[in-house]
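The sequence shown: position 46 = 55 (this note's numbering), numbered continuously.
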Amino acid sequence: MDYGEIRRRIVGLGNGRFLTVIYTEREEAIRLISARKSTRAERREYDNAH
């Protein structure tokens with residue numbers, strides 16, 4: 010989908026749990042769009058990158 014803005018996704022690990030965050034940058038602020046438990050595919054992607 011085209012939201013008229015660049016949306017970024019990051020996957021992180023904290024306290025033994027994976028979290029996926031979608032966010033965008035607007036002017037000088039970072040706007041959180043969503044945060045959720047990472048999917049199995051996202052966890053695999055994270056493991057392969059680290």
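Where a beta carbon is used, it is the ideal one built from N, C-alpha and C, also for glycine.
In the DSSP output, which residue or residues are listed as bridge partners for residue i?
i	result
Gly21	Leu28
Thr33	Arg16, Arg40
Arg45	Thr29
Assuming contact is defined by CB atoms lying nearer than 8 Å, are residue i and residue j in contact in what I supplied?
i	j	result
Arg16	Ile42	yes
Arg45	Thr29	yes
Rounded to a whole number of angstroms, what is the C-alpha to C-alpha distance between residue i and residue j?
i	j	result
Met10	Glu36	22 Å
His59	Arg18	16 Å
Gly23	Tyr12	29 Å
Between residue i and chain B, is the shortest Cβ-Cβ distance under 8 Å, so that the two count as touching?
i	result
Met10	Any reference to chain B falls outside this structure, which holds one protein chain only.
Who are the Cβ neighbours of residue i in its own chain at under 6 Å, not counting the five residues just before and after it?
i	result
Glu14	Thr33
Glu51	Val20, Thr29
Skipping 5 residues on each side, what residues in its chain have a beta carbon closer than 8 Å to that of residue i?
i	result
Ser47	Val20, Phe27, Leu28, Thr29, Tyr55
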